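Student: The opening residue of the sequence shown carries number 1 in the UniProt record's numbering; numbering runs sequentially from there. We put the CB at the ideal spot given by N, CA and C, even for glycine. Remember, it's a predicted structure, so these values are computed and weren't measured experimentally.
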Amino acid sequence: MQIDILPRTALAFFVLLILTRLLGKKQLSHLTFFNYITGITFGNIAAELASDKQITTAEGLASLILWTVLTIIVDFLSLKSGSIRTFLNGEPAVLIKQGKIQHKVMSKMRLSLDELLTMLRNSNVFSIKDVDYAIIETNGHLSVSKKQDQQAATRQDMHIPGSDEFRIPVEIIVDGKIVKRNLQEFNISYQWIYHELRKVGIVSVSEVLYAELESEGTIFIDKYENSK
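Listed below in structure tokens is the structure:
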């Protein structure tokens with residue numbers, strides 16, 4: 001055993017500990033594919049620093065620091081730009097829409113029916129006929145909305161009239177920008193959005209951090225903290 005490996009290993013351990021604290025915390029269940037690959041590469045660089053004598057300590061530290069800086073920059077840009085965030089993480093994809101399997105979407109994602117059924121079973125859904133919507137998130141998790149008559153407490157059970165016009169909550173404003181594709185898909189007009197914003201005293205879409213149209217037709221609005 002080479003004695004000089006011990007201080008290199010200890011150094012790699014503490015440097016890795018410090019740099020991972022700088023990168024921030026994120027639950028494993030929320031990791032995107034980019035986060036996953038970044039973590040593996042980060043650990044691999046630290047392992048090379050600890051064990052590969054052909055790599056000098058200075059070179060190993062420089063690689064770790066540079067990788068950390070690049071990751072922080074990319075994370076910052078993804079927070080500021082929806083386009084960069086979409087490029088890195090992708091977008092949620094609707095696999096089942098109003099009870100119908102979206103074959104084109106599944107083919108595009110190279111996802112088989114067996115894999116879809118497995119994910120549904122992991123969500124405690126054992127029949128596709130019970131599903132209204134199934135959406136695969138950017139972290140690979142499947143979000144499932146059951147049909148009304150399959151839910152624990154339905155509108156019919158509680159004698160509450162409902163409307164099928166909007167089946168799931170729809171994002172209409174994200175990071176101060178209107179989500180145009182959702183407006184087109186659900187036939188939502190710009191005039192209606194501006195009218196709803198003015199009703200709560202908002203004069204510009206840029207004041208809104210997030211807004212979604214709820215299933216019953218109401219609108220939920222969350223403004224930026226520095227907005228009046």
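CA-CA distance, leucine 64 and asparagine 139?
Tutor: 25 Å
Student: Can you have a look at valine 208 and say buried or exposed, based on whether 16 or more other CB atoms are within 10 angstroms of its CB?
Tutor: Counting the other CB atoms within 10 Å of its CB gives valine 208 a total of 16 or more, which places it among the buried residues.
Student: Mind listing, in chain order, the continuous beta strand (DSSP E) runs of no fewer than 3 residues lying wholly within the segment 89-151?
Tutor: Here the runs fully enclosed are 93-97, 131-136, 142-146.
Student: Distance check for asparagine 124 and glycine 217, CA to CA, integer angstroms please.
Tutor: 28 Å
Student: Thinking just about the alpha-carbon of each residue, which of Ser145, Phe186, Tyr224, Glu185 is nearest to the one in serine 204?
Tutor: Tyr224
Student: Quick check on DSSP: helix, strand or coil for arginine 186?
Tutor: The residue asked about is misnamed: residue 186 is phenylalanine in this sequence, not arginine. Coil at phenylalanine 186, not helix or strand.
Student: With the cut-off set at 9 Å, would you say tryptophan 67 and phenylalanine 87 are in Cβ contact?
Tutor: no
Student: Does glutamate 212 come out as helix, strand or coil in the three-state DSSP assignment?
Tutor: In this structure, DSSP gives glutamate 212 an extended state, which the three-state scheme calls strand.
Student: Would you mind listing the beta strand (DSSP E) stretches within the UniProt domain "YetF-like N-terminal transmembrane" (4-77) that are 3+ residues and don't spill past its ends, in chain order?
Tutor: Counting whole runs of 3 or more residues, the UniProt domain "YetF-like N-terminal transmembrane" (4-77) contains no beta strand (DSSP E) stretch at all.
Student: Please say whether tyrosine 210 and glutamate 171 have beta carbons closer to each other than 9 Å?
Tutor: Result yes, Cβ atoms of glutamate 171 and tyrosine 210 sit closer than 9 Å.
Student: So for valine 174, helix, strand or coil by DSSP?
Tutor: In this structure, valine 174 counts as strand in the three-state DSSP scheme.
Student: Given a threshold of 16 other Cβ atoms within 10 Å of its Cβ, counted over all protein chains shown, does alanine 134 qualify as buried or as exposed?
Tutor: buried
Student: Mind checking who phenylalanine 220 pairs with in its DSSP beta bridge?
Tutor: Beta-bridge pairing links phenylalanine 220 to Glu212.
Student: For valine 144 versus leucine 111, is the C-beta distance shorter than 9 Å?
Tutor: no
Student: Taking only three categories from DSSP, how would you classify isoleucine 202?
Tutor: In this structure, isoleucine 202 counts as coil in the three-state DSSP scheme.
Student: Would a C-beta distance cut-off of 9 Å place alanine 46 and phenylalanine 13 closer than the cut-off?
Tutor: yes
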